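*Asks:* Taken in sequence, the protein lines are chains R and A.
Each residue of the first sequence is one higher than the last, beginning at 650 in the working numbering.
Each residue of the second sequence is one higher than the last, beginning at 99 in the working numbering.
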Amino acid sequence: MLKVDNIQVYYGAIHAIKGISFQVEEGKIVTLIGANGAGKTTIMHTVSGLIRPQSGSIAFDGVDITNTRAHTIVEMGMAHVPEGRRVFAKMTVKENLEMGAYSRKDKGALEADYDMVYSRFPRLKERRKQLAGTMSGGEQQMLAIARALMSKPKLMLLDEPSMGLAPILVDEVFNIIKDINKSGTTILLVEQNAHKALSIADCAYVLETGNIVLSGDAKEMLDNEAVKKAYLG
Amino acid sequence: MNVFVQQVINGIHVGSIYALIALGYTMVYGIVRLINFAHGDILMMGAYFGLFSITIFNLPFGAAIIVAMLVCAVFGMLIDIIAYKPLRNAPRISALITALGVSLFLENLFRVLFGAEPKKMPNVSSLQGHISIGVIKISYVTVLTVLLSIIFMVGLQFIVKKTKIGKAMRSVSEDKEAARLMGVNVNKTISITFALGSALGALGGVLYSVAYYQVEPYMGMMPGLKAFVAAVLGGIGIIPGAMLGGFVMGLVESLSIGYISQSWSNAIVFGILILVLLFKPAGILGKNVREKV
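#1: Determine the DSSP secondary structure at Phe-135 of chain A, reduced to helix, strand or coil.
#2: Identify the contact partners of Asn-283 of chain A in chain R, using a Cβ-Cβ distance below 7 Å as the criterion.
#3: Straight-line CA distance for Met-791 of chain R to Thr-783 of chain R?
#4: With C-beta atoms as the reference, is Met-347 of chain A less than 7 Å away from Lys-324 of chain A?
#5: Roughly how many whole angstroms lie between the Cα atoms of Val-112 of chain A and Gly-303 of chain A?
#6: Could you give the distance in angstroms between the alpha-carbon of Ala-750 of chain R and the alpha-carbon of Ala-117 of chain A?
#7: Evaluate Phe-823 of chain R with the Cβ neighbour count: other Cβ atoms within 10 Å of its Cβ, from every protein chain shown; 16 or more gives buried, anything less gives exposed.
#8: Just grab the DSSP bridge partners of Ser-864 of chain R for me.
#9: Is Val-855 of chain R buried or exposed, if buried means 16 or more other CB atoms sit within 10 Å of its CB?
#10: Using a Cβ-Cβ cutoff of less than 8 Å, which residues in the same chain neighbour Glu-788 of chain R once the five nearest sequence positions on both sides are dropped?
#11: Give every residue of the same chain whose Cβ lies closer than 8 Å to the Cβ of Leu-168 of chain A, excluding the five residues on either side of it in the sequence, and list them in chain order.
#12: Let me know if Glu-747 of chain R comes out buried or exposed under the rule of 16 or more other beta-carbons within 10 Å of its beta-carbon.
#13: Count the other C-beta atoms from every protein chain shown that fall within 10 angstroms of the C-beta of Arg-796 of chain R, then say buried if there are 16 or more, exposed otherwise.
#14: Please return the same chain residues whose Cβ sits closer than 7 Å to the Cβ of Pro-216 of chain A, not counting the five positions on each side in sequence.
#15: Can you tell me whether DSSP reads Thr-691 of chain R as helix, strand or coil?
#16: Between which two residues does the alpha helix (DSSP H) harbouring Gln-360 of chain A extend?
#17: Can you tell me whether Ala-728 of chain R is helix, strand or coil according to DSSP?
#18: Would Gly-343 of chain A and Leu-331 of chain A qualify as a contact pair, given that the criterion is a beta-carbon distance under 7 Å?
#19: In the DSSP assignment, what residue or residues form a beta bridge with Gln-312 of chain A?
#20: Any Cβ of chain R within less than 7 Å of the Cβ of Ala-293 of chain A?
#21: Sorted by chain position, which residues of the same chain lie with C-beta nearer than 7 Å to Ala-719 of chain R's C-beta, five sequence neighbours on each side aside?
#22: Is Asn-716 of chain R helix, strand or coil by DSSP?
#23: Taking the straight line between their C-alpha atoms, what separation do you get for Leu-198 of chain A and Phe-135 of chain A?
#24: According to DSSP, is Gly-264 of chain A part of a helix, a strand, or is it coil?
#25: By the 10 Å Cβ neighbour count, where 16 or more other Cβ atoms means buried, how is Tyr-660 of chain R classified, buried or exposed?
#26: Just checking: is the beta-carbon of Asp-273 of chain A within a distance shorter than 7 Å of some beta-carbon in chain R?
#27: Name the two residues that bound the continuous beta strand (DSSP E) containing Lys-667 of chain R.
#28: Taking the beta carbon of Met-927 of chain R as the centre, do at least 16 other beta carbons fall within 10 Å, making it buried, or is it exposed?
#29: CB Met-175 of chain A to CB Ser-289 of chain A, shorter than 7 Å?
#30: In the DSSP assignment, what are the bridge partners of Tyr-659 of chain R?
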């Protein structure tokens, strides 16, 4: 589904990503874990086309997207739920969902998808006429995920979806991610909450200052002594 | 009383022109955070294209307005692509200075091409005459100006609130990166914003030249500046604010002409800008929020 091959990314003079390769297989949940500043968000931005790698290549669904612009990548079936949710605060919940469906060509199927999203997130239905900026952090995170779902993605990128949420909401968010995956969407998940991420993921990559230092089966990694020590406390 | 009513009518007339022009300032500011000081010159260009459509191509007045709006929409997009787009990630002050440069360039370009002498906007025969209500007279030009302004403002509001491109514009104005992640082509959306703003500015230009019978290269400066004040007054970046600000400006101006003096009216208008900036910097409809860093 996604194949990242030896990408190097610079932020100005900073060498943020130093030659990283990884793969996301169709139908799986793959997680990137690592400390703050390891380069997780930079990788997500590079995959979804917001920034370009200096070298290396990215292929999505067998098509090279290394130099494809972000708005075209969305049309190809990749949705990115960015860190910090980034919902459109001055637009209503419904309008945010409409923005999620912006790239869709099949207008006829939209109504059914709004219903699908509303049944998954009943709170959003109640609040559909409310401005997104007036909702709580948890509701905004649900909206950010729902908005991404509206583009009918084959692959969904989620960047720190549990950040700043109360523990009970964290569980809810992870359940939703599992659900979305079960209904056929491949997931690439970046999380600081490594324990949670590993417990729902199929496979995992551990990042340290721009390099992948460990990769493998997520369940095995939960028992890995080095990972336990560094990331699971 | 008659003077008052007459001045209010004049105020609404000129105010609706300010409102049309203010919309261009506020839309562009909303989407790229740039005060496009060349916008007043779009008004001037609109007046020239309207004039030429009538005098050279013998087009009827309605067609002349449409030509002016379309041509200026294209020029608005070109100005953005040539002058502002390369500076999108530069400090804001660079784009602002560039806007001043574009303004001077356009004024002098039109002076070189068509001379500094004011050209006379011909009388549009269908617009001669007025409606009389008792002793109050409302000229057809006023009626047309106010009507057209309101129609286009309602139309713009519909575009921004209800259509796909309008939603794209609002999303880009809030968060460009998030908009890209929705599949919005940010550059295209900015271009369309410039086109819409410039078309409204051109309409304002034609209507302004019809009211004052003159077309000259520097004619955009004063109304441009006043429309900018109107946009700030209403709350820059807020579309209904620009409309409200335009009408407030027009009324203040014509009432000060009527009751104080012609020569003081500009001082009063700009005095209001200073007061607004002092006491409610975000404008009448703006919320005072801290600038995000």
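Glycine residues also receive a C-beta, built at the ideal position from the N, C-alpha and C atoms.
Note that the structure is a prediction, hence the values are computed from the model and not measured.
*Replies:* In this structure, then:
#1: coil
#2: His-720
#3: 14 Å
#4: yes
#5: 11 Å
#6: 34 Å
#7: buried
#8: R:Tyr-854
#9: buried
#10: Arg-772, Leu-773, Arg-776
#11: Ala-297
#12: buried
#13: buried
#14: Gln-312, Val-313, Glu-314
#15: helix
#16: 360-377
#17: strand
#18: yes
#19: A:Lys-218
#20: no
#21: Ser-697, Gly-698, Leu-699
#22: coil
#23: 6 Å
#24: helix
#25: exposed
#26: yes
#27: 663-673
#28: Residue 927 of chain R falls outside the range modelled here, since chain R spans only 650 to 882, and no answer is possible.
#29: yes
#30: R:His-664
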